[in-house]
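>
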Amino acid sequence: MTDAGPALAALVAAGGDAAAIVAILNDHRSAFDRLIGLVFTSVSDDAVEAEVPVTPQLLQPYGLVHGGVYATIVESLASSGAALSAMRRGQSTVGLETRPPSCRAREAARCALAPRR
Numbered sequence: 002m003t004d005a006g007p008a009l010a011a012l013v014a015a016g017g018d019a020a021a022i023v024a025i026l027n028d029h030r031s032a033f034d035r036l037i038g039l040v041f042t043s044v045s046d047d048a049v050e051a052e053v054p055v056t057p058q059l060l061q062p063y064g065l066v067h068g069g070v071y072a073t074i075v076e077s078l079a080s081s082g083a084a085l086s087a088m089r090r091g092q093s094t095v096g097l098e099t100r101p102p103s104c105r106a107r108e109a110a111r112c113a114l115a116p117r118r
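Using our numbering, you'd call the opening residue of the sequence shown number 2 and step up by one each time.
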């Protein structure tokens, strides 16, 4: 858990404001999430949403978003969602495995994924 962990856990356990939770998540993103430009946009009891701007650095040689970008987004959102869900019950989580879905190839200016329970 990051240095914001205790404050985030207390906020979540108290049913805190979603905008405040999003702000904490964004302030404490991993270096890799920052590198790809991932920004959390919304949290609720059922979903965590984020956006990643599609830049040339995130494309594979054919001009499509690299599959690793999708895997990173899925991992970040699933881990954050699991942690927030566990925090509501005074528990913690750790990720063990990720099986990202295959996404259809497409060109876009922004990737937005929102895994739901």
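Virtual Cβ for every residue (Gly too), placed ideally from N, Cα, C.
Just so it is clear, the structure is predicted and the values come from calculations on it, not from any experiment.
1. Let me confirm a value: L36 is counted as buried when at least 16 other C-beta atoms fall within 10 Å, else exposed. Which label applies?
2. Could you tell me the distance, in whole angstroms, from the CA atom of F41 to the CA atom of L97?
3. For A10, which residues in the same chain have their Cβ closer than 7 Å to its Cβ, ignoring the five residues on either side in sequence?
4. In whole angstroms, what is the alpha-carbon distance linking I22 and V53?
5. Kindly indicate the opening and closing residues of the beta strand (DSSP E) around E98.
6. Roughly how many angstroms separate the alpha carbons of V13 and A51, rounded to a whole number?
7. Under 9 Å, do V55 and V66 count as touching if we go by C-beta distance?
8. Just reading off the beta strand (DSSP E) that A51 is part of, what are its end residues?
9. When we look at the beta-carbon of V49 and count the other beta-carbons within 10 Å, is it buried (16 or more) or exposed?
Working from what's here:
1. exposed
2. 22 Å
3. M88
4. 19 Å
5. Note, E98: premise wrong, no beta strand (DSSP E); not H, not E.
6. 18 Å
7. Cβ distance < 9 Å, so V55 and V66 count as in contact.
8. 49-54
9. Buried.
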